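The sequence shown maps to residues -30 to -1, 1 to 160 in mature numbering (1 follows the signal peptide of the UniProt record, and there is no 0).
We put the beta carbon where it would ideally sit given N, CA and C, even for glycine.
Model, not experiment: these values are computed from the prediction.
Working notes, structure below.
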Amino acid sequence: MAIKAAVLRIGAAALVALASVAVTTSPAQAQDTTYFDSFEDNPDDRWSWSTWYDGNTGYDLQRGLARTGANNGWLTAETGGASFNRYVEFPRSAGQCAGEVYVKPSTNDTVMTLDVWALDPNDAGGYDWRLRNSSRHQLNAGEYQAIGFGTTPTVYGGTVRLQYWITLNGGGAGNFKMARVDDFFVRCWW
Ligand SMILES: [Ca+2]
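Below, the structure written as structure tokens:
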């Protein structure tokens, strides 16, 4: 199963990349943490990708196509699909996490799937990833718009380890789809 294999593939490199992630704490809610990733600098340090059949992914670097900053990602597919995913870790158990990402479809009836996987913190091997939230979004060509991953109860105690997947689904033969992505947020609170 392609997605499961890709989940396992990100491994230690993604863990190291966490050091570059900005973390902010709101004084009004002391136990509230937000991650923000705008595909800036070298997005490949933080994002993993996977494709199947004719799916493809890449980055627009300083091309004037980003929602904010200089860079964004893009996904294309006709008969296959393509995903970006990134790892997010919180140092203690959060009650709930909510994520969103901005997407700019270039084609009508573009179907995006947003998935959230969580790792059981008691699994020392790091293999027990479970799908905690999945949502489908059908969008027409237009400007950048926010789509949500939904709210994910973190379920387990201990450190929270999540993977957020952004997938573009091809429309089938002769039905090419494309979308750009930028500005990914996750907020957790407890
Ligand atoms: Ca950006």
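Can you find a heavy atom of ligand 1 that lies under 7 Å from the Cβ of E10?
yes
Tell me which same chain residues have a C-beta within less than 6 Å of the C-beta of G69, skipping the five on either side of it?
F119, Y134 and V156
Since S104 and T77 are thought to touch, with beta carbons under 8 Å apart, how far apart are those beta carbons, to the nearest angstrom?
With a Cβ gap of about 22 Å, S104 and T77 do not count as contacting.
Would you list the one or two residues that DSSP bridges to P13?
According to DSSP, P13 bridges with nothing at all.
Identify the residues that DSSP records as bridge partners of E70: which are they?
G118 and F155
Backbone secondary structure at P123 - three-state DSSP
strand
To the nearest angstrom, report how far apart D79 and A149 are at their CA atoms.
11 Å
Please confirm whether any heavy atom of ligand 1 lies closer than 7 Å to the CB of D153.
yes
So, helix, strand or coil for R56, using DSSP?
strand
If I measure Cβ to Cβ from F9 and keep anything under 6 Å in the same chain, skipping five residues before and after, which residues do I get?
N41, N42, G43 and D152
My understanding is that P75 touches L109, with C-beta atoms under 8 Å, so please give their C-beta distance in whole angstroms.
5 Å
For I136, count neighbouring Cβ atoms within 10 angstroms of its own Cβ and tell me buried if that reaches 16, exposed if not.
buried
Reducing DSSP to helix, strand and coil, say where P75 ends up.
strand
Give the straight-line distance between the Cα atoms of W99 and R106, rounded to the nearest whole angstrom.
20 Å
Using the C-alpha atoms, what's the distance from L45 back to R37?
15 Å
Can you give the Cα-Cα distance for R131 and T27, rounded to whole angstroms?
24 Å
Using a Cβ-based criterion (distance less than 7 Å to any ligand heavy atom), does R150 qualify as near ligand 1?
no
Using 10 angstroms around the beta-carbon of N12, count the other beta-carbons present and answer buried if the total reaches 16, otherwise exposed.
exposed
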